[in-house]
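What follows is a set of notes on a single structure, which appears directly below.
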Amino acid sequence: MPVGLSHAETVCKIALHKAENVSRLCGADDLIIAADTVVFLEGRPLGKPADPDDAVKMLRQLSGRRHTVFSGVALMKSGVHVTGAESTYVYFREISEEEIQAYVSTGEPMDKAGAYGAQGLGAIFIERLEGDFFNVMGLPLCRLVLMLREFGVSGHPPFSGVTPT
Numbered sequence: 204m205p206v207g208l209s210h211a212e213t214v215c216k217i218a219l220h221k222a223e224n225v226s227r228l229c230g231a232d233d234l235i236i237a238a239d240t241v242v243f244l245e246g247r248p249l250g251k252p253a254d255p256d257d258a259v260k261m262l263r264q265l266s267g268r269r270h271t272v273f274s275g276v277a278l279m280k281s282g283v284h285v286t287g288a289e290s291t292y293v294y295f296r297e298i299s300e301e302e303i304q305a306y307v308s309t310g311e312p313m314d315k316a317g318a319y320g321a322q323g324l325g326a327i328f329i330e331r332l333e334g335d336f337f338n339v340m341g342l343p344l345c346r347l348v349l350m351l352r353e354f355g356v357s358g359h360p361p362f363s364g365v366t367p368t
């Protein structure tokens with residue numbers, strides 16, 4: 204994790220680093236979209252758990268508490284880049300030890316920041332959130348669309364001509 208940066212700056216820097224790495228494999232005119240998501244609890248980052256015991260520890264810490272999910276997005280094309288960040292508050296209900304152990308045994312937490320997947324089984328721990336749900340899943344879609352426009356990518360959502368019923 205970069206030192207001395209805000210949470211938003213941190214995730215943007217990581218996302219940009221990913222985009223720069225991918226750019227070496229792409230053509231100059233290719234548009235690269237990279238993202239990174241980190242869970243912060245009381246200012247401390249909770250990355251992906253190192254092992255099941257680490258996942259259990261993280262989930263115990265998150266139980267009954269609010270934490271913040273930050274995602275950074277980087278767009279790059281022809282050596283030009285833009286970055287942006289999104290944050291979402293996530294409120295966990297109290298989680299029993301039995302629930303934590305059962306969830307960790309599924310393996311789902313092992314590749315997730317903060318040891319849970321809001322789009323998967325981990326959704327049952329979330330009482331509510333404030334902000335972009337897709338940010339918690341790892342790609343803030345609204346932010347991405349606005350950044351694409353800023354980057355000169357135009358177009359309309361794929362529901363042109365749809366009439367509400």
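Positions in the sequence shown are counted from 1; adding 203 to them yields the working numbering. Where a beta carbon is used, it is the ideal one built from N, C-alpha and C, also for glycine.
Asked: With burial defined as no fewer than 16 other Cβ atoms inside 10 Å of the residue's Cβ, what is the status of threonine 240: buried or exposed?; Found: buried
Asked: Is it the case that the Cβ atoms of alanine 277 and alanine 321 are separated by a distance below 8 Å?; Found: no
Asked: Going by Cα to Cα distance, which pick from Lys280, Ala237, Leu249, Met261 is closest to valine 356?; Found: Lys280
Asked: Please look up how many angstroms separate the CB atoms of proline 343 and serine 266, rounded, as I've assumed it's under 8 Å.; Found: Contact flag wrong, Cβ pair sits at about 25 Å.
Asked: Below 7 Å CB to CB, which residues in the same chain sit around proline 252 once its five sequence neighbours on both sides are set aside?; Found: Ala258, Met261, Pro312, Met313, Ala318
Asked: Spell out a yes or no on whether the region 287–302 and the region 331–341 are touching, meaning 3 or more CB-CB pairs, one atom from each, closer than 8 Å.; Found: yes
Asked: Are the Cβ atoms of leucine 249 and valine 242 separated by less than 8 Å?; Found: yes
Asked: Excluding the 5 residues flanking alanine 237 on each side, which residues of the same chain have their C-beta closer than 6 Å to its C-beta?; Found: Ala218, Lys221, Ala222, Ala277
Asked: Between which two residues does the alpha helix (DSSP H) carrying arginine 296 extend?; Found: Run containing arginine 296: none; DSSP gives neither H nor E here.
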